[in-house]
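J.: My questions all concern the structure below.
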Amino acid sequence: MHPEDEQVRRLLKTRVIRLNETVTGLSIGLIAGIGLFCATNLLVIKGGNVVGPHLELLNQVFIGYKVSFLGSFIGFAYALITGALVGYCGAKIYNFVASRNNRTSAPVKQD
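In case it helps, the numbering used here puts the sequence shown at residues 5 to 115.
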């Protein structure tokens, strides 16, 4: 491998390793919100005597959430906020660990 290739590889490693906290948080929040929204509405459409007893347990944490059409919107909002916070904090922790890891590696000379 050429020395230039090694330098480019190390430079890319230090530049690409960062996560955007806001985008990561919103992405995970949207995935969680849409997932709960769809799961709730699928159970409502399916119907039956007892509709989603396991999903109903979320009302212990998400106040106002029920396995109903209106509850799917309430659950979407809660899951969006919770997922965004988890994603944001996870990305912050990841970036912190990655930056500490990059300090221990050899510095990259830029031209």
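Ideal Cβ placement from N, Cα and C applies to all residues, glycine included. This one's a predicted model, so the numbers in the text were calculated from it and none came from an experiment.
Which residue marks the beginning of the alpha helix (DSSP H) containing Ser72, and which one marks its end?
T.: Counting along the chain, Ser72 falls outside any alpha helix (DSSP H), and DSSP gives it neither H nor E.
J.: Among Arg104, Ser31 and Leu23, which has the Cα closest to the Cα of Ile85?
T.: Cα-wise, what sits closest to Ile85 is Ser31.
J.: Could you check the C-alpha separation between Val55 and Arg104 for me, to the nearest Å?
T.: C-alpha separation (whole angstroms): 48 Å.
J.: Could you check whether the stretch 78-98 touches the stretch 34-41, counting it as contact only if at least three pairs of C-beta atoms, one from each stretch, sit closer than 8 Å?
T.: These segments touch.
J.: Where does Arg14 sit, in a helix, a strand or coil, going by DSSP?
T.: DSSP places Arg14 in helix when its eight states are reduced to three.
J.: When the distance is taken between beta carbons, is Tyr98 closer than 8 Å to Leu15?
T.: Cβ distance not < 8 Å, so Leu15 and Tyr98 don't count as in contact.
J.: Whole angstroms is fine: what's the gap from His6's alpha carbon to Phe66's?
T.: One C-alpha to the other measures close to 56 Å.
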